[in-house]
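Enquirer: Mind looking over this structure? Questions follow.
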Amino acid sequence: MGIALVLGMVFLLLVATGAYVAFRMYGAHEVAQDHPTDGFRRKHP
Numbered sequence: 015m016g017i018a019l020v021l022g023m024v025f026l027l028l029v030a031t032g033a034y035v036a037f038r039m040y041g042a043h044e045v046a047q048d049h050p051t052d053g054f055r056r057k058h059p
């Protein structure tokens with residue numbers, strides 16, 4: 015039972031880390047394509 019619990023926690027940690035890395039990479043790609051500061055200036059003059 016303990017081994018299964020540890021393996022489950024490691025699996026969840028790997029999934030969370032992978033999602034975080036993918037989110038950071040996707041976010042950086044979006045920022046490189048579209049600058050959020052320009053939209054911020056347009057919405058808030």
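Going by my numbering, the first residue of the sequence shown is number 15, and it counts up by one from there.
Don't be surprised by glycine CBs; every beta carbon is placed ideally from N, CA and C.
This structure is a prediction, so every number in the text was calculated from the model and none was measured.
1. Just verifying my parser: in three-state terms, what is the DSSP assignment at Met-23?
2. Whole angstroms are fine: how far does the CA of Val-35 sit from the CA of Leu-27?
3. Any idea what DSSP makes of Met-39, helix, strand or coil?
4. Cα separation between Phe-25 and Leu-19?
Expert: For this structure:
1. Here residue 23 is taken as the residue at index 9 of the sequence shown, counted from 1. Helix, per DSSP.
2. Locating residue 27 in the sequence shown gives position 13, counting from the first residue. Locating residue 35 in the sequence shown gives position 21, counting from the first residue. Spanning the two alpha carbons is a distance of roughly 12 Å.
3. For the purposes of this step, residue 39 is taken as the residue at position 25 of the sequence shown. Helix.
4. On the sequence shown, position 11 is the one that residue 25 refers to. On the sequence shown, position 5 is the one that residue 19 refers to. C-alpha separation (whole angstroms): 10 Å.
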